[in-house]
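To start, the structure under review is shown below, and the notes come after it.
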Amino acid sequence: MIVRGVGAGVVSLLILFAALSGSAILAADNEPRSGYEFMEAETRSLQDDDFLNPGFFLVEEGQELWQRPMGEAGLTCAGCHGAVEDSMQGVAARYPVFDDASGQLLNLELRIQSEIADRMQAEPPAYDSPELLSLTALISLQSRGMEMQPEIRPEMLPFLEQGEGIYRQRRGQLNLSCVQCHDEHAGDRLRGDVISEGHINAFPIYRLMWSEPGSRHRMFEWCMEAVRAEPFERGSAEFVALELYLASRGSGLKIEAPGVRR
Ligand code: HEC
Ligand code: HEC
C-alpha cells in the first residue's frame with residue numbers, strides 16, 4: 013500500500029535529479045549532518061519537546077517493561093540491571109557490537125531479544141513490535157546527547173566492509189544506491205521533501221508519514237522498497253552490517269532518540 017505511493021514519489025525525485033544535473037552535490041566538508049538539520053521547524057519542535065514528542069509513548073511503555081516479570085522465573089530487567097538511567101547510560105551509543113560467543117554482530121534490538129530469550133527464558137518480542145521498540149527507545153534515551161561511536165574491533169572489519177558494500181551497491185528497478193540519494197543528493201529539495209544524509213542517530217524514530225514509530229531496519233527497508241528492490245529482513249545479518257557501517261559513517265553525531273521524522 014504505502015510502497016506504491018513511495019514509488020511514485022521516487023520517480024518524481026529521479027526526474028528532479030536529472031533536472032538538477034549534479035548542481036546540489038554536497039559541500040566537500042566531511043562533517044556528518046543529522047537528519048534533524050534537514051527538517052522543517054515544526055518537526056524539529058516536536059522532537060525537541062519531550063511532552064509533545066510522540067516517541068515518548070515508547071519510553072513510558074519501556075519503563076513499564078523494564079520492571080515487568082518475564083518467563084517462568086519471573087525475572088525483570090530491573091532485577092539484574094537496577095535503574096536503567098545508570099546501567100544503560102551510553103550503551104546505545106556504542107552499538108552494534110561484536111558478540112564473541114556467536115562470532116556475529118549484535119545491534120541493540122538483537123541484544124534485547126537475546127536477553128529475553130536466553131537470560132529470562134521468555135518469548136522474545138518480534139522486530140518492530142511495540143515491546144521491542146519500547147525497550148530500544150528507553151535504552152537509547154540513556155545515550156541522548158552522547159556521540160554515536162561504535163568501537164570497531166579488528167574482528168568487525170569484514171562486517172564493516174560488507175555494510176559499506178551494501179550501502180554502495182546499486183539496486184532495484186531504479187538501479188540506485190544509498191550513496192546516490194544520501195551523499196550525492198543530500199539537501200536536494202522536492203516539494204516538502206528534503207533528502208538527508210541518511211544517518212541513524214535518531215532511532216527509534218516516530219515517523220509522521222507512518223503515523224507510528226519504527227526501527228533503523230524498517231527505514232532501510234522503506235528506502236530499498238522505494239527503489240523497487242527486494243529488502244533484506246529486519247534483524248538480518250545484512251542489515252546489521254549496514255547498520256554498523258552507518259554508525260561508523262555517522263560517528264560523532266549526537267544520539268537524538270527518540271527522534272521524530274517527517
Ligand atoms: C531514492 C532516494 C533514496 C535512496 C536510494 C535511499 N534513500 Fe534513504 N531516504 C530517502 C528519503 C526521501 C528519506 C526521508 C527523508 C530523509 O531523512 O532523508 C530517507 C531516509 C533515510 C534514513 C533516515 C534518516 C534520518 O535522519 O532519520 C536512513 C537511515 C536512510 N534513509 C538510509 C538509507 C539506506 C541505508 C539506503 C540504501 C539501502 C537508502 N537510504 C537509500 C531516500 C532514499
Ligand atoms: C538474569 C539477569 C539479567 C536479566 C533478567 C537481564 N539482563 Fe541484561 N544483562 C545481564 C548481564 C549479566 C549482562 C552483561 C553481559 C555481558 O557483559 O556480556 C547484560 C547485558 C545487557 C545489555 C548489554 C549492555 C552492554 O553494555 O552492551 C543490554 C542492552 C541488556 N542487558 C538489556 C536487558 C534488558 C532490556 C533486559 C530485560 C528485558 C535484561 N537485560 C534482562 C543480565 C541480565
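Take 13 as the starting number for the sequence shown in our numbering and just add one per residue.
Ideal Cβ placement from N, Cα and C applies to all residues, glycine included.
beta-carbon residue i near ligand 2 non-hydrogen atom, thresh 7 Å
i, result
"residue 168", "no"
"residue 197", "no"
"residue 252", "no"
"residue 153", "no"
Residues near residue i in its chain [Cβ-Cβ closer than 7 Å; skip 5 each side]
i, result
"residue 153", "71, 269, 270"
"residue 106", "161, 162, 163"
"residue 250", "178, 244"
"residue 247", "121, 122, 139, 229"
"residue 259", "108, 160, 162, 212"
"residue 169", "none"
"residue 143", "77, 137"
"residue 150", "71, 74, 75, 78, 96"
"residue 68", "62, 270"
"residue 110", "117, 165, 167, 168"
Proximal residues to residue i (C-beta, below 6 Å), its chain only, five neighbours per side dropped
i, result
"residue 255", "108, 119, 228"
"residue 66", "218"
"residue 223", "none"
"residue 233", "243"
Integer Cβ distance of residue i from residue j, believed to fall under 8 Å
i, j, result
"residue 124", "residue 148", "6 Å"
"residue 262", "residue 44", "5 Å"
"residue 158", "residue 267", "5 Å"
"residue 221", "residue 274", "6 Å"
"residue 134", "residue 82", "4 Å"
"residue 141", "residue 102", "With 8 Å as the limit, residue 141 and residue 102 do not qualify as a contact, their Cβ atoms being about 25 Å apart."
"residue 64", "residue 252", "Rounded, the Cβ-Cβ distance is 32 Å, inconsistent with contact."
heavy atom of ligand 1 below 7 Å from residue i C-beta
i, result
"residue 248", "no"
"residue 96", "no"
"residue 139", "no"
"residue 180", "no"
"residue 188", "yes"
Beta-carbon contacts of residue i that lie in its chain and below 8 Å, excluding the five residues immediately before and after
i, result
"residue 145", "70, 216, 225, 226, 227"
"residue 48", "56, 59, 214, 268, 271"
"residue 183", "189, 236, 239, 241"
"residue 90", "78, 79, 96"
"residue 92", "131"
Exposure label - residue i; buried when at least 16 CB within 10 Å
i, result
"residue 59", "buried"
"residue 74", "buried"
"residue 264", "exposed"
"residue 219", "buried"
"residue 53", "exposed"
"residue 235", "buried"
"residue 166", "exposed"
"residue 193", "buried"
"residue 40", "Low local confidence applies: a pLDDT of 45 at residue 40 is under 50, so the model's placement there is unreliable, and no value is given."
"residue 175", "buried"
"residue 171", "buried"
"residue 208", "buried"
"residue 46", "buried"
"residue 104", "buried"
Which of helix, strand or coil DSSP assigns to residue i
i, result
"residue 195", "coil"
"residue 139", "coil"
"residue 132", "coil"
"residue 274", "coil"
"residue 111", "strand"
"residue 166", "helix"
"residue 37", "In this prediction, residue 37 has a pLDDT of 45, which is less than 50 and means its spatial position is unreliable; what the coordinates show is noted afterwards. Coil."
"residue 159", "strand"
"residue 201", "strand"
Residue i Cβ short of 7 Å to ligand 4 heavy atom set
i, result
"residue 165", "Annotation note on ligand 4: not contained in the displayed structure, which lists ligand 1 and ligand 2 as its ligands."
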